[in-house]
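Everything below concerns the one structure shown next.
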Amino acid sequence: MRDSSARPGRLSRVFRYGGLSIAAVTFVLVVAHLAWTHSGNGEWQDVSEKDGIRIATLKVPGEVALKYKVNMHVEARLSDVVAFLSETETGNDLGAYDIRRIEEVSAPPVFYAYDTYKLRLPAPFGELEVVIINQYSQDPETKTVRVNVNAAPNKLPLDESIRRVVHLSNSWTLTPLESGGVNMESVSEMDLGMPYVLANLAMPGVIDDEFSKIRTFLKQDKYKNKQPAFIAELHDERPATVAVTAGLTKPD
Amino acid sequence: MPRTGRRFVIPALLTLAAAVTIGHIAWKGAGINDWQLARDENGIQVFTLKTPGQTLLKVKARMKLATSLSSAVALSRDNPFGAGDSAAEKLRVLERIETPSVFLSYIAVEHQMPPPFHTREFVVLMNYAQDTASKRVEINIQAAPTKAPPGSAARVVHLNNVIRLTPSRDGQLEWEIAVDVDLDVPYPLANFALPRELFDQLNEQKERVLAQKYRQAQLVSVREL
Numbered sequence: 003m004r005d006s007s008a009r010p011g012r013l014s015r016v017f018r019y020g021g022l023s024i025a026a027v028t029f030v031l032v033v034a035h036l037a038w039t040h041s042g043n044g045e046w047q048d049v050s051e052k053d054g055i056r057i058a059t060l061k062v063p064g065e066v067a068l069k070y071k072v073n074m075h076v077e078a079r080l081s082d083v084v085a086f087l088s089e090t091e092t093g094n095d096l097g098a099y100d101i102r103r104i105e106e107v108s109a110p111p112v113f114y115a116y117d118t119y120k121l122r123l124p125a126p127f128g129e130l131e132v133v134i135i136n137q138y139s140q141d142p143e144t145k146t147v148r149v150n151v152n153a154a155p156n157k158l159p160l161d162e163s164i165r166r167v168v169h170l171s172n173s174w175t176l177t178p179l180e181s182g183g184v185n186m187e188s189v190s191e192m193d194l195g196m197p198y199v200l201a202n203l204a205m206p207g208v209i210d211d212e213f214s215k216i217r218t219f220l221k222q223d224k225y226k227n228k229q230p231a232f233i234a235e236l237h238d239e240r241p242a243t244v245a246v247t248a249g250l251t252k253p254d
Numbered sequence: 002m003p004r005t006g007r008r009f010v011i012p013a014l015l016t017l018a019a020a021v022t023i024g025h026i027a028w029k030g031a032g033i034n035d036w037q038l039a040r041d042e043n044g045i046q047v048f049t050l051k052t053p054g055q056t057l058l059k060v061k062a063r064m065k066l067a068t069s070l071s072s073a074v075a076l077s078r079d080n081p082f083g084a085g086d087s088a089a090e091k092l093r094v095l096e097r098i099e100t101p102s103v104f105l106s107y108i109a110v111e112h113q114m115p116p117p118f119h120t121r122e123f124v125v126l127m128n129y130a131q132d133t134a135s136k137r138v139e140i141n142i143q144a145a146p147t148k149a150p151p152g153s154a155a156r157v158v159h160l161n162n163v164i165r166l167t168p169s170r171d172g173q174l175e176w177e178i179a180v181d182v183d184l185d186v187p188y189p190l191a192n193f194a195l196p197r198e199l200f201d202q203l204n205e206q207k208e209r210v211l212a213q214k215y216r217q218a219q220l221v222s223v224r225e226l
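So the sequence lines, in the order shown, correspond to chains A and B. Numbered per my numbering, the first sequence spans residues 3 to 254. Numbered per my numbering, the second sequence spans residues 2 to 226.
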């Protein structure tokens, strides 16, 4: 006969306390996730300023990933900076590989291109495939250039052997100065498939490294004296692209 | 809680959590990465695509219609998400360039969601360059969330839709919309609703394109076959 007053067996205790522990950890994680998701004031907060590279983050209530804004001055020609950001060859120096231009539309005043490349993230996150559209325009008065980079994951058939980025957006503003050089501002957000806690902690450092590299590369001869289509220097007489135009739709 | 109740509640919760986890893993790994016909009604075919490793379905819908290419492009530009006319009227053009060979526009529009979900905001880049030989127009729509400062509505960050408009000599236009979007709702719900939503959208576009302003539309960037 079974003795109902006997103490629970060892396995039973393991299940009971194990279950309670899992439930408690899950509860804490869910509460922390909800608290983080709803936090934020929608304002840019400076997080670092080192060697002239200023990084700010923005936490939007309802979103888990941070957005990043970077400001930096480079002593370089505007055309060289645009070429650095828009030519596919640059990616090799920044750690990308299998870089390829899929499609390019160059019809003044419009320039845009679809590019693809791969990135290798630190273990255990593996490889990533990126398919983007990058588009640039220049204000004819101030010569300020805007480069918009956005994920376009469906521009290529999916390769099941590698993860493809579906959330990536980066808006660059490149302002040439009378005193020389270019002020660069980048506003970016992305999801590289890493846990957001890790990404939010790591990205400011990664961004700082990348911008330091950009400044170093722009001093090298191979990135100098470039002439991308439609880009005029501050006192160049060449016509610049028009960032915003009135509609050219034919009247009814 | 009585001892007997505790004895059953915790195992029940753990079992439920295990079942949900197994169901999620099974669904995530499922799929053949090929388009499957999900609905064929009223001249509209709806297809879904499940890619292994992803939880959200991609959906596309296709129909043939006796309308001009310019009419369909004009409507798609005004109403790229097939929302009601009142939503389309609230569409904000942030930047726009149109020439005989290319069209490019950044737009922002809010999308009302059914309760309990809050309004979503689309900030997207819409672009096309018509194929000069076939006269086919492929309108690419990409989320461009950094193009405008954050607003009060949650912004959609994963969106890459394609509208393909292919004219033929018999006056028929093949109209296809492929949708790849994450509206930040639970994926079982999104996967259930999106094919139905897309069917309704395309069905409504049939009527909207008959409006006089679209029937008479002529666009700098579009030439008829």
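No residue lacks a Cβ here, since even glycine has one placed at the ideal position from N, Cα and C. Treat the numbers as computed from the prediction; the structure is a model and nothing was measured.
Is the distance from the Cβ of residue i to the Cβ of residue j below 7 Å?
i               : j               : result
A98 of chain A  : L123 of chain A : no
Y116 of chain A : V132 of chain A : no
T49 of chain B  : A39 of chain B  : yes
T147 of chain B : S173 of chain A : yes
A34 of chain A  : Q47 of chain A  : no
E191 of chain A : S214 of chain A : no
A67 of chain A  : N161 of chain B : no
V163 of chain B : A149 of chain B : no
H159 of chain B : V168 of chain A : yes
P168 of chain B : K136 of chain B : yes
Y215 of chain B : S72 of chain B  : yes
F118 of chain B : V186 of chain B : yes
I45 of chain B  : L195 of chain B : no
G2 of chain A   : I101 of chain A : In the structure as shown, chain A starts at 3 and stops at 254, and residue 2 of chain A therefore has no counterpart that could be examined.
A109 of chain A : S153 of chain B : no
A75 of chain B  : A212 of chain B : no
Could you say which of the options lies nearest to residue i if we only look at CA atoms?
i               : options                        : result
S88 of chain A  : A:F232, A:G182, A:I209         : A:F232
Q229 of chain A : A:G128, A:E180, A:A85, A:N156  : A:A85
E96 of chain B  : A:Q140, A:N185, A:T90          : A:Q140
I55 of chain A  : A:N43, A:N202, A:Y70           : A:Y70
D171 of chain B : B:I26, B:Q46, B:L70            : B:L70
G195 of chain A : A:G128, A:V49, A:G207, A:G21   : A:G128
R63 of chain B  : B:S153, B:E42, B:T22           : B:E42
V157 of chain B : B:H112, B:L76, B:N141, B:A194  : B:H112
K29 of chain B  : B:R209, B:N192, B:P151         : B:N192
Y114 of chain A : B:D35, B:V110, B:S106          : B:S106
A27 of chain B  : B:L211, B:T56, B:E198, B:T68   : B:T56
P111 of chain A : A:Q137, A:G93, A:R103, A:L130  : A:Q137
E202 of chain A : A:T177, A:K224, A:L60          : Residue identity check: residue 202 of chain A is Asn in the sequence provided, not Glu. Ranking the options by Cα distance to N202 of chain A, first place goes to A:L60.
E90 of chain B  : B:L226, B:I108, B:G152         : B:I108
A144 of chain B : B:Q131, B:S153, B:A134, B:R121 : B:R121
G54 of chain B  : B:A31, B:T68, B:K65, B:L66     : B:A31
V221 of chain B : B:L92, B:I98, B:T68, B:D201    : B:I98
D181 of chain B : B:K61, B:N128, B:E205, B:D79   : B:K61
Specify, as a first and last residue, the run of the beta strand (DSSP E) that residue i falls within.
i               : result
P63 of chain A  : Where P63 of chain A is concerned, there is no enclosing beta strand (DSSP E), given that its DSSP letter is neither H nor E.
Y119 of chain A : 112 to 122
F123 of chain B : 121 to 129
H159 of chain B : 159 to 168
V49 of chain A  : 46 to 52
S23 of chain A  : Where S23 of chain A is concerned, there is no enclosing beta strand (DSSP E), although the alpha helix (DSSP H) it sits in stretches over 12 to 40.
N172 of chain A : 170 to 178
S181 of chain A : Where S181 of chain A is concerned, there is no enclosing beta strand (DSSP E), given that its DSSP letter is neither H nor E.
S81 of chain A  : Where S81 of chain A is concerned, there is no enclosing beta strand (DSSP E), although the alpha helix (DSSP H) it sits in stretches over 80 to 88.
N136 of chain A : 129 to 140
Less than 8 Å between the CB atoms is what I'm expecting for residue i and residue j, so what's the real figure, rounded?
i               : j               : result
L166 of chain B : W176 of chain B : 6 Å
N73 of chain A  : E187 of chain A : 5 Å
V47 of chain B  : F82 of chain B  : Actually they do not touch by this definition, with Cβ atoms about 16 Å apart.
E146 of chain A : T175 of chain A : Glu is not the amino acid found at residue 146 of chain A; the sequence shown has Thr there. Between T175 of chain A and T146 of chain A the Cβ distance is about 6 Å, and since that is below 8 Å, they are a contact.
G21 of chain A  : L15 of chain B  : 5 Å
I164 of chain A : N152 of chain A : The Cβ separation is near 20 Å, so there is no contact.
H40 of chain A  : G183 of chain A : Not a contact, Cβ separation roughly 41 Å.
V125 of chain B : Q131 of chain B : Actually they are not in contact, since the Cβ atoms of V125 of chain B and Q131 of chain B sit about 20 Å apart, beyond 8 Å.
T68 of chain B  : L174 of chain B : 5 Å
L236 of chain A : E180 of chain A : 7 Å
Where do the ends of the alpha helix (DSSP H) carrying residue i lie?
i               : result
E205 of chain B : 188 to 209
I142 of chain B : That residue, I142 of chain B, is in no alpha helix (DSSP H); its beta strand (DSSP E) goes 138 to 144.
M205 of chain A : 198 to 219
L70 of chain B  : 70 to 79
Y215 of chain B : 213 to 216
**OP:** Below 8 Å between beta carbons is the criterion; list the residues of the segment 134 to 150 of chain B that meet it against any residue of chain A, in chain order.
**Re:** Taking 8 Å as the Cβ-Cβ cut-off against chain A, the residues of the segment 134 to 150 of chain B that qualify are N141, Q143, A144, A145, P146, T147, K148.
**OP:** With 7 Å as the C-beta to C-beta threshold (strictly closer), list the residues of the segment 152 to 165 of chain B near chain A in chain order.
**Re:** When C-beta distances to chain A are compared with 7 Å, the residues of the segment 152 to 165 of chain B below that value are A155, V158, H159, N161, V163, in chain order.
Subject >> Interfacial residues, the segment 91 to 105 of chain B to chain A, with Cβ spacing under 9 Å >> reply: So the close ones are V94, L95, E96, R97, I98, E99, T100, P101, S102, V103, F104, L105.
Subject >> Positions along the segment 161 to 174 of chain A whose CB lies within less than 8 Å of some CB in chain B >> reply: Listed by position along the chain: E162, R165, V168, H169, S171, N172, S173.
Original post:
Which residues, in chain order, does the segment 25 to 53 of chain B contribute to contact with chain A at a C-beta distance below 8 Å?
Top reply: Residues passing the 8 Å Cβ filter: N34, T52, P53.
Original post:
What residues in the segment 105 to 116 of chain A have a beta carbon less than 7 Å from any beta carbon of chain B?
Top reply: For the segment 105 to 116 of chain A, the residues whose beta carbon sits under 7 Å from a beta carbon of chain B are, in order, V107, A109, P111, V112, Y114.
**OP:** For the segment 69 to 84 of chain A, enumerate the residues whose C-beta is nearer than 8 Å to any C-beta of chain B, in chain order.
**Re:** Hits within the stretch, in order: K69.
Original post:
Between the segment 171 to 198 of chain A and chain B, which residues of the former have a C-beta closer than 7 Å to a C-beta of the latter?
Top reply: Look at the segment 171 to 198 of chain A: the residues with a C-beta under 7 Å from a C-beta of chain B are S171, N172, S173, V189, S190, E191.
**OP:** Output, in sequence order along the chain, the residues in the segment 117 to 131 of chain B whose CB is closer than 7 Å to any CB in chain A.
**Re:** Listed by position along the chain: L126, N128, A130.
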